[in-house]
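Protein chains: 4
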Amino acid sequence: MTQLQIGLYGLGRMGGNMAKRLARGGVTVYAYNRSFEVAEKLAAGDDNVRACRSLEEVVASLSAPRVLWLMLPSGPATEAAILQAAALLEPGDILVDGANGYYKEAIARADQLAGQGIRFVDVGVSGGIWGLDNGYCLMAGGDEAALAAVIPFLKLLAPAPDRGWLHAGPVGSGHFTKMVHNGIEYGMMQAFAEGFALMQAKTEFELDLAKIAELWRHSSVVRSWLLDLTADFLKADQKLVDIAPVVADSGEGRWTALEAVEQGVPTPVMSLALMMRFASQGKNDYAARMLAMMRKGFGGHAVQGKGE
Amino acid sequence: MTQLQIGLYGLGRMGGNMAKRLARGGVTVYAYNRSFEVAEKLAAGDDNVRACRSLEEVVASLSAPRVLWLMLPSGPATEAAILQAAALLEPGDILVDGANGYYKEAIARADQLAGQGIRFVDVGVSGGIWGLDNGYCLMAGGDEAALAAVIPFLKLLAPAPDRGWLHAGPVGSGHFTKMVHNGIEYGMMQAFAEGFALMQAKTEFELDLAKIAELWRHSSVVRSWLLDLTADFLKADQKLVDIAPVVADSGEGRWTALEAVEQGVPTPVMSLALMMRFASQGKNDYAARMLAMMRKGFGGHAVQGKGE
Amino acid sequence: MTQLQIGLYGLGRMGGNMAKRLARGGVTVYAYNRSFEVAEKLAAGDDNVRACRSLEEVVASLSAPRVLWLMLPSGPATEAAILQAAALLEPGDILVDGANGYYKEAIARADQLAGQGIRFVDVGVSGGIWGLDNGYCLMAGGDEAALAAVIPFLKLLAPAPDRGWLHAGPVGSGHFTKMVHNGIEYGMMQAFAEGFALMQAKTEFELDLAKIAELWRHSSVVRSWLLDLTADFLKADQKLVDIAPVVADSGEGRWTALEAVEQGVPTPVMSLALMMRFASQGKNDYAARMLAMMRKGFGGHAVQGKGE
Amino acid sequence: MTQLQIGLYGLGRMGGNMAKRLARGGVTVYAYNRSFEVAEKLAAGDDNVRACRSLEEVVASLSAPRVLWLMLPSGPATEAAILQAAALLEPGDILVDGANGYYKEAIARADQLAGQGIRFVDVGVSGGIWGLDNGYCLMAGGDEAALAAVIPFLKLLAPAPDRGWLHAGPVGSGHFTKMVHNGIEYGMMQAFAEGFALMQAKTEFELDLAKIAELWRHSSVVRSWLLDLTADFLKADQKLVDIAPVVADSGEGRWTALEAVEQGVPTPVMSLALMMRFASQGKNDYAARMLAMMRKGFGGHAVQGKGE
């Protein structure tokens, strides 16, 4: 068997660990990052990783047909990288977007690249910072021929060669499936958060939330990896008074909500989980001010001034 | 026709105005309030209002069968007043609770008072601070006999004798109907608040929200009294930056939400309108902190410290 | 003053009535519809309406600068009409889309037409089948110059020249404002529907929903045009057993939900009102089947067969 | 060590399996059920289970201080059994309610029984039909002394003596914690159902939902026991066309929703998960009919007749 080789552009939390896991699996990884130091550091720790100074260098280092894997933030960064890559790659080469991305854009990109004979594969990657050791969960979209070149890497990134990866369907289906996965994740997280909030508010019972989270890990219906993580951080601190009550949201949650509306499928849990994050970001404030004023208008109810 | 007379206990924003409207209609109102000054001031401005120094005085001033109308905050204040009144009233007298109250309690109270021969009527009153001039909307629950004694007052409190009041059904149905009314009100208010928030966030259009509210008052599908009030306050200020984004909630909204769960009827709009008020009160903060920690747990996402 | 004249394409429920109202106001309306009979019938009843057999005829009949107003279903029908109109109109002419439409498309169309010197105005029209007699509520987007030519018609369509119409802002802002209006409408409708459903389920009170709807029209906080309509149909039938529990949804409701997600503004009431319509259309069935199977999976709970 | 013995009343899906697991652990189980055959059958299969013909027989068989464990449907059945047991038990005996129950009732019961010197313990039991083999997850509420007598049984019912059971706090906290657990469960289930519904509706991707469920079990963020069960039933059938789209709800889900309202804590996900079950039961139909009629009222939109 020839030595497997891959180009990897984007060495952040996800990309860096994926490079390591591939290298551990024997793959030669031509690693590139906007900041060269990151690539260098990675290469210093692993013989199979070669730090490149440019995308040109990555492409020149790979034998055709090349597999170039992008792990960049969705949006402008990924867009720019695809344009740059398209100018360097040759017909028959394969471009993989393994970051979170909107599946509609994956379909559009694949169409554009097909004109040049470049194949596009969209891969959704779950597993977070734990993937390096546990393996990742990977859902790939693309045609059979393109997947054939990518599957050897999926097998190494997954927990085991025979599980944790899937050729989900045509181009777009990888990012689509990952999008839905994250929508579910939003709902599950919110369900746990609401439950623990109810228990925290029930002060008369003086419940030990860390012990309850740990308890539920064993034989309960809600046992899950998210609960494992929750048990873990509650052990250290269950008051959370030093944590700001602000929750970021990402493209995936929003795209799932858009999809539900476009399909006409009710997803109250996913959509509300997203909206509670919006509210935590202060995006409900104008509506709340309106309500306070309406109450004053019909009932003469007092309105608090700012900062009261 | 004999002169109509009534006892009125509770001279707050609602009760005080109702006393005035009844007095304007020719009713002699024996008015009592925890603080005597309030009753005195009311009586000073209106010949038909007599300020009483005690509930005993109210009851002694009325001819049997007496109608004693309570306008006190629901809960302990109303509970105490009912007990006190029950000790003073005689069989055949009628006790009216015209404040917001949980309909289940109205039913329980009516049962207790029936043992003494005292009739209980629950009246839901809508119209807020505008009722004095516009008349109130009144929904009454109780048996026919009790209602017969109360209807003359309903006719005076309503905008006109033939509309704006209703004998809704048996005891409890007055407060029940008012409860549902307020549940709807919560939903409508939230709908408006969300809509204006979306327009306020669309900065590129530089929409004039005051003009839009005024516009919609004419021939639009959403024209309504709540919109009239909204147009009114937006004229003065549409930035609302000095208003705290905090919205109080009252018993009515919560009871409606409980009722929906007990009946097994889906009321997503009413229930969410209530929950967004909870969130505005900071009651979502623990859940948000949990979510921030979970995101850190699986994705290594940064968590903001308090006050960042 | 010269005689006002306008071209109107689309004579359905909304367009037909708007043609009549403009004609009543003294405007010469060159009316065109896919089916000529509809235009003919309209012209037969009104001297100021001229039935045209083609869009070419409409354009040829109007003096420059022409105002051509479209009242067609959003999507392909409107798209096709705009292309057709663009080929016929001349620089300086004004094309108005008065149907419901996605504001993003209005902006895109205006850009395209600007290249030809044709001005585009998007108008949101509320008022439904009652607009003919009551006047319409109109919110227009476009530049000052284009609006100047359109405002005379807005004044006639509105309930009165000085109210019920607004130049909301730049192109797109008319449809945007109408979109938000409809989102609010969805929320208000759902709030009423939930409230009446709670009262209908409370069989022990034997509430007369028609009387309650009528009652609330007078001095209550929820008084509104939607309540007027509700009181009207409940008078005829409050059981509604012959009405299928299926509620259609339209573009406006969905666009509002998409906008909320894109802006990151929480709109739980608007979004849930939309999703309950989806559920009424059977779009929740697969999710419900999944839940039934999960319950069986962990708890051994029986699952109903289809049609049981 | 003396032989452990317990009385167990209620041998349904949960109770029967718990009897078996305790018997396997060496406990002598005096088993009683409304239908004697069920107890007999259980005893026939297990030497440690003794079928009793009456609650009197159970109580007479146990040495003081007795532990009598109820596994009956919440509500009237449990109420009656507690009254019956209270008449038979002696001071120092311990009555355990291990079924799902409203925590407020547990507190009330404990108060009543305390007057007789009988100790009450409320235990929430999770694990469903899988608990027999995997062990149960148990959360107990009660005072230390009562718990001391119950913990030996918790250790046997749990997956292992040192995990899967917890003395959560005072009386009521066991049922409270289980209630919240089930609220979370509702939210998680709904999140999965929504996600799979979105994928099922995306027909152009021809996704294999069984393979995706299986995939996500490995290293994804949503991996969980509910997903394991889902993967299991989807393997056999992912169309689900023979399953009625009707989802039952139980007390636990409703009590959680009530608790949230009473505490003023927003739980949109839990509450909406419950309401979607209501909707699946046809409880949204009246509201939907109202909406269809309103749309007709303002827009002239056609209304479907029943069965169209």
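So the protein sequences, as listed, match chains V, Z, D and Y.
The first sequence begins at 1 in the numbering used here and counts up by one.
The second sequence begins at 1001 in the numbering used here and counts up by one.
The third sequence begins at 2001 in the numbering used here and counts up by one.
The fourth sequence begins at 3001 in the numbering used here and counts up by one.
Note that beta-carbon positions come from the ideal geometry of N, C-alpha and C, so glycine has one too.
Original post:
Along chain D, in chain order, which residues have C-beta atoms closer than 9 Å to that of H1175(Z)?
Top reply: Taking a Cβ-Cβ threshold of 9 Å, none of the residues of chain D is close to H1175(Z); the smallest such distance is about 11 Å.
Original post:
Could you give the distance in angstroms between the alpha-carbon of A2031(D) and the alpha-carbon of S2126(D)?
Top reply: For A2031(D) and S2126(D), the gap between their C-alpha atoms comes out near 21 Å.
**OP:** Compare the Cα-Cα distances from M3270(Y) to each of M3189(Y), A3044(Y), F3176(Y) and L3088(Y) and report the closest residue.
**Re:** Considering only M3189(Y), A3044(Y), F3176(Y) and L3088(Y), the residue with the shortest C-alpha distance to M3270(Y) is M3189(Y).
**OP:** Would you mind reading off the limits of the beta strand (DSSP E) that contains Y1997(D)?
**Re:** Since the first residue shown for chain D is 2001 and the last is 2308, residue 1997(D) is missing from the structure and cannot be characterised.
Subject >> CB-CB length for G1195(Z) against G1172(Z), believed under 8 Å >> reply: At roughly 35 Å, the Cβ-Cβ gap does not stay under 8 Å, so G1195(Z) and G1172(Z) are not in contact.
Subject >> C-beta neighbour in chain Y for R1254(Z), strict 8 Å >> reply: At least one chain Y Cβ lies under 8 Å of R1254(Z).
Subject >> Ordered list of alpha helix (DSSP H) runs contained in the region 137 to 166 of chain V, each at least 4 residues >> reply: Correct list: 144 to 157.
Subject >> Contact set between the region 1224 to 1257 of chain Z and chain Y, restricted to residues whose Cβ is under 8 Å from the partner >> reply: So the list reads D1249, R1254 and A1257, given in the order they occur along the chain.
**OP:** Starting from D249(V), trace the beta strand (DSSP E) both ways and give me its first and last residue.
**Re:** That residue, D249(V), is in no beta strand (DSSP E); it is neither H nor E in DSSP.
Original post:
Taking the Cβ atom as the reference point for each residue, do R314(V) and I151(V) lie within a distance shorter than 8 Å?
Top reply: Outside the displayed span of chain V (1 to 308) sits residue 314(V), for which this structure offers no information.
**OP:** May I have a chain-ordered list of the alpha helix (DSSP H) segments no shorter than 4 residues that lie completely inside the region 1010 to 1058 of chain Z?
**Re:** The qualifying runs are 1013 to 1024 and 1036 to 1044.
Subject >> Alpha-carbon spacing of A1231(Z) relative to L72(V), whole angstroms >> reply: About 47 Å.
**OP:** Check the DSSP bridge columns for L2068(D) and list the partner residues they point to.
**Re:** Answer is G2007(D) and L2095(D).
Original post:
Does P2170(D) get closer than 8 Å to chain V when you measure Cβ to Cβ?
Top reply: With its beta carbon at least 8 Å from every one in chain V, P2170(D) lies outside the interface.
**OP:** Determine the direct distance from the alpha carbon of A2197(D) to that of E3037(Y), and round the result to whole angstroms.
**Re:** Answer to the nearest angstrom: the Cα atoms are 45 Å apart.
**OP:** Kindly confirm or deny that the region 3148 to 3167 of chain Y and the region 3015 to 3023 of chain Y touch, where touching means at least three C-beta pairs closer than 8 Å.
**Re:** With contact defined as three or more Cβ pairs closer than 8 Å, the region 3148 to 3167 of chain Y and the region 3015 to 3023 of chain Y are in contact.
Subject >> Residues sharing a beta bridge with D3228(Y), DSSP >> reply: Answer by DSSP bridge pairing: none, since D3228(Y) is not bridged.
Original post:
Any idea which residues DSSP pairs I2243(D) with across the strands?
Top reply: Per DSSP, G3305(Y).
**OP:** Just tell me which of G92(V), D249(V) and N100(V) has its CA closest to the CA of A77(V).
**Re:** The shortest C-alpha separation from A77(V) is found at N100(V).
Subject >> Limits of the unbroken beta strand (DSSP E) element including D122(V) >> reply: Looking at the DSSP string, the run of the beta strand (DSSP E) that includes D122(V) is R119 to S126.
Subject >> Exposure of M2001(D), with buried meaning 16 or more beta-carbon neighbours within 10 Å >> reply: With a pLDDT of only 49 at M2001(D), under the threshold of 50, the placement of this residue in the model should not be trusted; the figure read from the coordinates follows. In the assembly as shown, M2001(D) is an exposed residue. Its beta-carbon has fewer than 16 other beta-carbons within 10 Å.
Original post:
Which residue from G3124(Y), V3303(Y) and A3168(Y) puts its Cα closest to that of V221(V)?
Top reply: Looking at the Cα atoms, G3124(Y) is the closest of the given residues.
Subject >> Interface flag, K2104(D) vs chain Z, CB-CB below 8 Å >> reply: In terms of beta-carbon proximity, K2104(D) stays away from the interface with chain Z, with every pair separated by 8 Å or more.
**OP:** Count the CB pairs spanning the region 53 to 60 of chain V and the region 20 to 29 of chain V that are closer than 8 Å, and state whether there are at least three.
**Re:** Inter-segment contact for the region 53 to 60 of chain V and the region 20 to 29 of chain V is absent: fewer than three beta-carbon pairs are separated by less than 8 Å.
Subject >> Contacts that P1073(Z) makes with chain Y (C-beta to C-beta distance below 9 Å) >> reply: Residues of chain Y whose Cβ lies closer than 9 Å to the Cβ of P1073(Z) do not exist; the shortest such Cβ separation is about 17 Å.
Original post:
Going straight from the alpha carbon of A1260(Z) to that of L42(V), what length do you get?
Top reply: Between A1260(Z) and L42(V), the C-alpha separation is close to 58 Å.
Original post:
At what residue ranges does the region 3251 to 3296 of chain Y contain a whole run of the alpha helix (DSSP H), taking only runs of 4 or more?
Top reply: Taken in chain order, the whole alpha helix (DSSP H) runs of length 4 or more contained in the region 3251 to 3296 of chain Y are 3251 to 3263 and 3268 to 3280.
Original post:
When the distance is taken between beta carbons, is I3129(Y) closer than 8 Å to G2183(D)?
Top reply: It is not a contact, given that the beta carbons lie outside the stated cut-off.
Original post:
Considering V2180(D), what are the terminal residues of the alpha helix (DSSP H) in which it resides?
Top reply: Residue range S2173 to A2201 is occupied by the alpha helix (DSSP H) that includes V2180(D).
Subject >> A2191(D) versus G2098(D) - alpha carbon distance >> reply: Straight-line Cα distance between these residues: approximately 28 Å.
Original post:
Using Cβ-Cβ distances below 9 Å, what residues of the region 2257 to 2274 of chain D are close to chain V?
Top reply: Listed by position along the chain: A2257, L2258, A2260, V2261, E2262, Q2263, G2264, V2265, P2266, T2267, P2268, S2271, L2272 and L2274.
Original post:
Can you tell me whether DSSP reads G3300(Y) as helix, strand or coil?
Top reply: The DSSP-derived three-state label of G3300(Y) is coil.
Original post:
Could you give the distance in angstroms between the alpha-carbon of R13(V) and the alpha-carbon of D208(V)?
Top reply: Using only the alpha carbons, I get a separation of about 33 Å.
Original post:
Can a CB atom of chain Y be found closer than 8 Å to the CB of W216(V)?
Top reply: Interface residue (Cβ-Cβ distance to chain Y less than 8 Å): W216(V) is classified as such.
Original post:
Hey, out of L2062(D), R2119(D) and R2163(D), whose CA is closest to A1213(Z)'s CA?
Top reply: Distance check between A1213(Z) and each of L2062(D), R2119(D) and R2163(D) places R2163(D) closest, using alpha-carbon atoms only.
Original post:
Relative to the ligand FMN, is the shortest distance from any of its heavy atoms to the C-beta of I3243(Y) smaller than 7 Å?
Top reply: Ligands in the displayed structure: none, and consequently the ligand FMN is not present.
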